[in-house]
Amino acid sequence: MSLQVENLTVYYQTLKGDVHALEGASFGIVDGEIMGLAGESGCGKTTFGQSLIFLHPPMKLVKGRVTLDNVELPIGDMERMNDFRFKKISIVPQYAMNAMNPTRKIGKMTAELLMSRNVDFQTLLPELKRRLDLVKLSYDVLNMYPIELSGGMKQRMVMVLSTLLNPSLLIADEITSALDVSSQKAVAEMLVEFRNKGYCKSVIVITHDISVLYEIADTILIMYAGQLAEKASSDIIMFAPLHPYTKMLISTLPEVGVRYADKRLTGIPGGPPLLLNPPVGCRFRERCPLAFEKCIEAPPFIETGKNHFVACWKAGA
Amino acid sequence: MRRYFERKLFIYILTFVLAVTIDWLIPRFMPGNPIQILISRAGLKAESAKLLYSYYMRAFGLDVPVWRQYLNFWIALFHGDFGISIWLFPQPVIQIIMRAVPFDVLLLLPAILLSWLAGNKFGAYAARSKWLDNTISPLGYILTATPYMWLGIMLGWLFGVILHVLPFSGAYSYSMMPSFSWAFVGSLLQHWILPFASLFLVMFGGWAIGMRNMIIYELEADYSHYLEALGAPRKLVRNYAFRNALLPQITGLALQLGVIVGGALVTEIVFSYPGIGYLTLQAIQNHDFFLLQGCFLFVIIGVLLANFAIDIAYVLLDPRTRAGMQGEG
Numbered sequence: 001m002s003l004q005v006e007n008l009t010v011y012y013q014t015l016k017g018d019v020h021a022l023e024g025a026s027f028g029i030v031d032g033e034i035m036g037l038a039g040e041s042g043c044g045k046t047t048f049g050q051s052l053i054f055l056h057p058p059m060k061l062v063k064g065r066v067t068l069d070n071v072e073l074p075i076g077d078m079e080r081m082n083d084f085r086f087k088k089i090s091i092v093p094q095y096a097m098n099a100m101n102p103t104r105k106i107g108k109m110t111a112e113l114l115m116s117r118n119v120d121f122q123t124l125l126p127e128l129k130r131r132l133d134l135v136k137l138s139y140d141v142l143n144m145y146p147i148e149l150s151g152g153m154k155q156r157m158v159m160v161l162s163t164l165l166n167p168s169l170l171i172a173d174e175i176t177s178a179l180d181v182s183s184q185k186a187v188a189e190m191l192v193e194f195r196n197k198g199y200c201k202s203v204i205v206i207t208h209d210i211s212v213l214y215e216i217a218d219t220i221l222i223m224y225a226g227q228l229a230e231k232a233s234s235d236i237i238m239f240a241p242l243h244p245y246t247k248m249l250i251s252t253l254p255e256v257g258v259r260y261a262d263k264r265l266t267g268i269p270g271g272p273p274l275l276l277n278p279p280v281g282c283r284f285r286e287r288c289p290l291a292f293e294k295c296i297e298a299p300p301f302i303e304t305g306k307n308h309f310v311a312c313w314k315a316g317a
Numbered sequence: 001m002r003r004y005f006e007r008k009l010f011i012y013i014l015t016f017v018l019a020v021t022i023d024w025l026i027p028r029f030m031p032g033n034p035i036q037i038l039i040s041r042a043g044l045k046a047e048s049a050k051l052l053y054s055y056y057m058r059a060f061g062l063d064v065p066v067w068r069q070y071l072n073f074w075i076a077l078f079h080g081d082f083g084i085s086i087w088l089f090p091q092p093v094i095q096i097i098m099r100a101v102p103f104d105v106l107l108l109l110p111a112i113l114l115s116w117l118a119g120n121k122f123g124a125y126a127a128r129s130k131w132l133d134n135t136i137s138p139l140g141y142i143l144t145a146t147p148y149m150w151l152g153i154m155l156g157w158l159f160g161v162i163l164h165v166l167p168f169s170g171a172y173s174y175s176m177m178p179s180f181s182w183a184f185v186g187s188l189l190q191h192w193i194l195p196f197a198s199l200f201l202v203m204f205g206g207w208a209i210g211m212r213n214m215i216i217y218e219l220e221a222d223y224s225h226y227l228e229a230l231g232a233p234r235k236l237v238r239n240y241a242f243r244n245a246l247l248p249q250i251t252g253l254a255l256q257l258g259v260i261v262g263g264a265l266v267t268e269i270v271f272s273y274p275g276i277g278y279l280t281l282q283a284i285q286n287h288d289f290f291l292l293q294g295c296f297l298f299v300i301i302g303v304l305l306a307n308f309a310i311d312i313a314y315v316l317l318d319p320r321t322r323a324g325m326q327g328e329g
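So the sequence lines, in the order shown, correspond to chains A and B. Using the UniProt record's numbering, you'd call the opening residue of the first sequence number 1 and step up by one each time. Using the UniProt record's numbering, you'd call the opening residue of the second sequence number 1 and step up by one each time.
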């Protein structure tokens with residue numbers, strides 16, 4: 001197991017009280033796994049990604065343990081966590097387009113960042129150039145300011161930069177969201193290429209676009225309202241999901257060969273609950289067609305088939 | 001690149017023409033007739049006063065139509081002729097102003113530069129620790145909200161009237177003539193301390209608050225969070241934030257430097273400091289069109305030059321401006 005998360009609970013501290021953004025998440029990722037993390041906006045995907053690498057206020061670690069390559073990550077300790085950041089665990093942030101200092105040349109910024117982590121830029125330079133080739137960026141970008149790059153170029157540059165020290169785990173947060181469809185595909189394929197070449201051992205791809213995940217992810221983890229709903233291989237999630245939320249989510253995707261003039265696409269009625277005072281029990285209860293009395297208790301996230309985890313009272317039965 | 005500067009230059013020339021026109025208009029909109037005042041000071045008989053009046057009107061070029069006056073004003077300007085002062089008749093305006101400028105530079109240049117350096121330093125510190133933020137920020141807000149003249153009056157009253165340690169009027173002792181002697185330099189410094197301190201303190205507050213807020217903004221910027229997520233040490237993140245936060249401060253500095261030649265009006269009045277600010281007040285009180293025009297002209301030229309300097313500095317400091325230039329060119 002590359003990454004092992006146990007009962008991770010992270011709240012946002014606000015003036016109105018704690019927002020229960022991530023509650024009792026437990027799962028594992030094996031070496032070489034690309035895991036997609038999907039769910040509606042506001043379901044805690046980004047909070048989860050951030051809490052693994054950069055758990056800063058107003059985020060607050062309530063409980064939970066995270067181990068990476070059998071070493072426990074001090075995720076709640078900003079200072080001690082620095083030893084792991086970049087080297088063991090890295091991130092391509094949601095805001096990759098603005099992630100680089102606008103007043104520094106990219107090469108200089110990279111050199112300064114590496115130097116601050118006691119890594120020699122010159123020895124890494126050939127490798128950096130190799131990777132720029134891989135993502136089809138010219139070496140000239142190192143002599144440019146971020147403003148001189150297009151959005152897609154910045155995205156790729158940040159991908160190269162974040163993975164430069166071959167981290168065990170890469171968190172890729174919404175890396176395709178701001179791109180057009182053809183760039184989306186290219187970036188998604190680069191991510192797989194990075195994993196195949198060993199630039200990062202395992203990857204968590206955070207997105208709300210399940211169709212992209214199906215292309216690249218080995219497994220998919222579905223989150224709902226701060227809780228894990230279902231985790232299984234991409235094929236099972238797409239074609240044989242067990243959790244009613246996953247089923248409804250997948251059914252909202254358009255299918256090839258179906259004419260939607262005849263059959264309108266349906267969404268999921270209702271909206272996710274507010275996480276300031278989340279409902280007790282299963283948080284999907286309100287919108288779930290299968291809900292019954294037992295759903296007032298929170299269902300455990302258990303393995304119902306091989307590597308297939310579901311949090312639903314109806315699924316196991 | 002060339003197009004960028006050509007465009008800028010065009011805008012500056014246009015601004016200059018407009019500003020100078022307004023400068024020419026302002027004194028002429030003032031109520032009262034300067035020549036009348038000049039003559040009434042002499043206390044002549046009605047007959048000779050009338051004669052002198054028409055003489056002066058011609059001498060100052062005020063007897064021709066207004067459009068002609070305006071034209072003559074531009075022609076004289078290109079010959080470097082600012083006219084003759086009415087208040088200190090018959091001294092040329094340029095001479096009076098040149099006598100005042102050194103005092104402005106002496107007073108304002110150190111006040112602006114030192115307050116800028118200190119304010120940025122302390123503002124950056126304030127953004128760093130809760131303890132400093134809770135002390136420097138309120139102090140900065142109080143200082144920057146303090147009117148220059150009030151602080152000046154309080155300082156003059158405290159150190160001059162109560163404690164009797166520092167003089168609070170004039171640029172040097174009234175019993176001395178300017179010379180290169182130690183005694184004169186000492187007197188100059190003594191008279192300089194209070195006006196300097198009042199300017200320094202107020203400006204310091206403004207710079208410190210500005211820097212603190214900018215740094216906090218930059219530390220919350222995406223690039224700062226990215227660096228932190230990659231485990232960059234605080235030093236690097238703060239260094240980047242400081243450099244980026246400095247850019248707007250540089251604009252502010254250059255604008256401040258631009259008005260040096262305009263003097264610090266109220267401070268100079270409070271301390272009777274003979275800079276251009278003090279001259280401006282005298283010019284207004286004496287309906288001295290030409291001196292007022294001259295003072296304003298110095299402000300206009302100073303501000304425009306300073307702005308031009310910022311434009312160039314920004315091209316060197318901020319790559320984003322350079323990208324904008326390529327877009328235009």
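Even glycine gets a Cβ: it sits at the ideal position worked out from N, Cα and C.
Going along chain A, which residues have a C-beta under 7 Å from residue 229 (chain B)?
Locating residue 229 (chain B) in the second sequence gives position 229, counting from the first residue. Neighbours of residue 229 (chain B) across chain A, judged by C-beta separation under 7 Å: 53, 54, 85, 91, 93.
Along chain A, in chain order, which residues have C-beta atoms closer than 9 Å to that of residue 319 (chain B)?
Within the second sequence, the letter at position 319 stands for residue 319 (chain B). Simply 102, 103, 104, 105, 144, 145, 146, 147, 148.
Since residue 196 (chain A) meets chain B, which of its residues come closer than 9 Å, beta carbon to beta carbon?
One-based indexing of the first sequence puts residue 196 (chain A) at position 196. Residues of chain B with a Cβ closer than 9 Å to the Cβ of residue 196 (chain A) do not exist, since the nearest Cβ in that chain sits about 23 Å away.
Span of the beta strand (DSSP E) holding residue 13 (chain A)?
Numbered from its first residue, the first sequence carries residue 13 (chain A) at position 13. Counted as a single uninterrupted DSSP element, the beta strand (DSSP E) harbouring residue 13 (chain A) occupies residues 3-14.
Using 7 Å as the limit for Cβ to Cβ distance, is residue 125 (chain B) near chain A?
Indexing the second sequence from 1 puts residue 125 (chain B) at position 125. No, residue 125 (chain B) lies away from the interface with chain A (no Cβ there is under 7 Å from its Cβ).
Output, in chain order, the set of chain A residues within a Cβ distance shorter than 7 Å of residue 330 (chain B).
Any property of residue 330 (chain B) remains undetermined from this structure, which presents chain B solely from 1 to 329.
C-alpha gap between residue 330 (chain B) and residue 264 (chain B), whole angstroms:
Limits of chain B in this structure are 1 at one end and 329 at the other, which puts residue 330 (chain B) out of reach.
In chain B, which residues lie with their C-beta within 9 Å of the C-beta of residue 117 (chain A)?
Here residue 117 (chain A) is taken as the residue at index 117 of the first sequence, counted from 1. Residues of chain B passing the Cβ test: 230, 231, 232, 233.
Ordered list of alpha helix (DSSP H) runs contained in the region 172-222 of chain B, each at least 4 residues:
Counting only unbroken stretches of 4 or more residues, the alpha helix (DSSP H) elements lying wholly within the region 172-222 of chain B are 182-219, in sequence order.
Residues bridged to residue 71 (chain A) [DSSP beta-bridge criterion]:
Your numbering for residue 71 (chain A) matches position 71 in the first sequence. Note: residue 71 (chain A) sits in a beta bridge opposite A:68.
Are the beta-carbon atoms belonging to residue 155 (chain A) and residue 111 (chain A) less than 7 Å from one another?
The residue given as residue 155 (chain A) occupies position 155 in the first sequence. The residue given as residue 111 (chain A) occupies position 111 in the first sequence. No, the pair does not count as a contact, with Cβ atoms beyond the cut-off.
Can you tell me which of the three DSSP states residue 219 (chain A) falls into?
On the first sequence, residue 219 (chain A) is found 219 positions in, with the first residue counted as 1. Note: residue 219 (chain A) maps to strand in three-state DSSP.
Output yes or no for whether 7 Å exceeds the beta carbon distance between residue 86 (chain A) and residue 130 (chain A).
On the first sequence, residue 86 (chain A) is found 86 positions in, with the first residue counted as 1. On the first sequence, residue 130 (chain A) is found 130 positions in, with the first residue counted as 1. Here residue 86 (chain A) is not near residue 130 (chain A), since their CB atoms are 7 Å or more apart.
What three-state label does DSSP hand residue 94 (chain A) in the structure shown?
In the first sequence, residue 94 (chain A) corresponds to position 94, counting from 1. Reduced to three states, the DSSP call for residue 94 (chain A) is coil.
By the 10 Å Cβ neighbour count, where 16 or more other Cβ atoms means buried, how is residue 201 (chain A) classified, buried or exposed?
Position 201 of the first sequence, counting from 1, holds the residue named residue 201 (chain A). Within 10 angstroms of the beta-carbon of residue 201 (chain A) lie 16 or more other beta-carbons, which makes it buried.
Hey, is residue 236 (chain B)'s beta-carbon within less than 7 Å of any beta-carbon in chain A?
Within the second sequence, numbered from 1, the residue matching residue 236 (chain B) stands at position 236. Yes, its Cβ sits closer than 7 Å to a Cβ of chain A.
Inter-stretch contact at 8 Å, needing at least 3 Cβ pairs: the region 264-284 of chain A / the region 219-226 of chain A:
Put simply, the region 264-284 of chain A touches the region 219-226 of chain A. At least three CB pairs are less than 8 Å apart.
Find the residues of chain E that neighbour residue 120 (chain B), judging by a C-beta separation of less than 9 Å, and give them in chain order.
Included in the structure are the protein chains A and B, with no chain E among them.
Do you know offhand how far residue 232 (chain B)'s Cα is from residue 8 (chain A)'s?
By 1-based counting over the second sequence, the position of residue 232 (chain B) is 232. By 1-based counting over the first sequence, the position of residue 8 (chain A) is 8. Taking the straight line joining both Cα atoms gives about 25 Å.
Can you tell me the Cβ-Cβ gap for residue 291 (chain B) and residue 87 (chain B), rounded? I've got them flagged as a contact below 8 Å.
Walking along the second sequence from the start, residue 291 (chain B) turns up at place 291. Walking along the second sequence from the start, residue 87 (chain B) turns up at place 87. Right, their Cβ atoms sit about 6 Å apart.
Using CA coordinates, which residue listed in A:101, A:13, A:315, A:275 is at the minimum distance from residue 318 (chain B)?
The residue labelled residue 318 (chain B) in the question sits at position 318 within the second sequence. Per the Cα distances, A:101.
Taking Cβ-Cβ distances below 7 Å as the criterion, which residues of the region 61-85 of chain A are in contact with chain B?
Here the close residues are 82, 85.
Distance between beta carbons of residue 35 (chain B) and residue 137 (chain B), contact taken as under 8 Å:
Here the question's residue 137 (chain B) lines up with position 137 in the second sequence. Here the question's residue 35 (chain B) lines up with position 35 in the second sequence. For residue 137 (chain B) against residue 35 (chain B), the beta-carbon gap comes to about 54 Å, at or over 8 Å, which does not count as contact.
Bridge partners for residue 169 (chain A) per DSSP, in chain order?
Translated into positions along the first sequence, residue 169 (chain A) becomes position 169. DSSP output for residue 169 (chain A) lists A:89, A:202 as bridge partner(s).
If we cut at 7 Å on Cβ distances, does residue 222 (chain B) have a partner in chain A?
Mapped onto the second sequence, residue 222 (chain B) falls at position 222. Taking Cβ atoms only, chain A reaches closer than 7 Å to residue 222 (chain B), which makes this a yes.
7 Å Cβ cutoff met for residue 188 (chain B) and residue 174 (chain B):
Position 188 of the second sequence holds residue 188 (chain B). Position 174 of the second sequence holds residue 174 (chain B). Cβ atoms of residue 188 (chain B) and residue 174 (chain B): not closer than 7 Å.
On the three-state DSSP scale, how would you describe residue 229 (chain A)?
Within the first sequence, numbered from 1, the residue matching residue 229 (chain A) stands at position 229. In this structure, residue 229 (chain A) counts as strand in the three-state DSSP scheme.
Please report whether the beta-carbon of residue 240 (chain B) lies at a distance below 7 Å from any beta-carbon of chain A.
Numbered from 1 along the second sequence, position 240 holds the residue referred to as residue 240 (chain B). Closer than 7 Å: yes.
State the start and end residues of the unbroken beta strand (DSSP E) segment that holds residue 153 (chain A).
Taking the first sequence and counting its residues from 1, one reaches residue 153 (chain A) at position 153. Counting along the chain, residue 153 (chain A) falls outside any beta strand (DSSP E), though it belongs to the alpha helix (DSSP H) covering 151-162.
So what's residue 107 (chain A) in DSSP terms, helix, strand or just coil?
In the first sequence, counting from the first residue as 1, residue 107 (chain A) sits at position 107. DSSP places residue 107 (chain A) in helix when its eight states are reduced to three.
Kindly list, in the order they appear in chain B, the residues whose Cβ is closer than 8 Å to that of residue 113 (chain A).
Your numbering for residue 113 (chain A) matches position 113 in the first sequence. Within chain B, the residues near residue 113 (chain A) are 227, 230, 232, 236.
Find out if the Cβ-Cβ distance for the pair residue 44 (chain A), residue 22 (chain A) is shorter than 7 Å.
Indexing the first sequence from 1 puts residue 44 (chain A) at position 44. Indexing the first sequence from 1 puts residue 22 (chain A) at position 22. Using a Cβ distance threshold of 7 Å, residue 44 (chain A) and residue 22 (chain A) count as a contacting pair.
Alpha-carbon spacing of residue 309 (chain A) relative to residue 193 (chain A), whole angstroms
As a working mapping, residue 309 (chain A) is identified with position 309 in the first sequence. As a working mapping, residue 193 (chain A) is identified with position 193 in the first sequence. Residue 309 (chain A) and residue 193 (chain A) have their alpha carbons spaced roughly 28 Å apart.
Identify whether residue 31 (chain A) lies in helix, strand or coil by the three-state DSSP scheme.
For this step, residue 31 (chain A) is matched to residue 31 along the first sequence. If DSSP states are grouped into helix, strand and coil, residue 31 (chain A) belongs with coil.
Can you tell which of A:125, A:79, A:272, A:146 has the C-alpha that lies nearest to the C-alpha of residue 106 (chain A)?
Mapped onto the first sequence, residue 106 (chain A) falls at position 106. It is A:146.
Leaving out the 5 sequence neighbours to the left and right, which residues in its chain are closer than 6 Å to residue 66 (chain A) when beta-carbon positions are compared?
As a working note, residue 66 (chain A) is residue 66 in the first sequence. Closer than 6 Å at the Cβ level, and outside the excluded window around residue 66 (chain A), lie 5, 73, 75.
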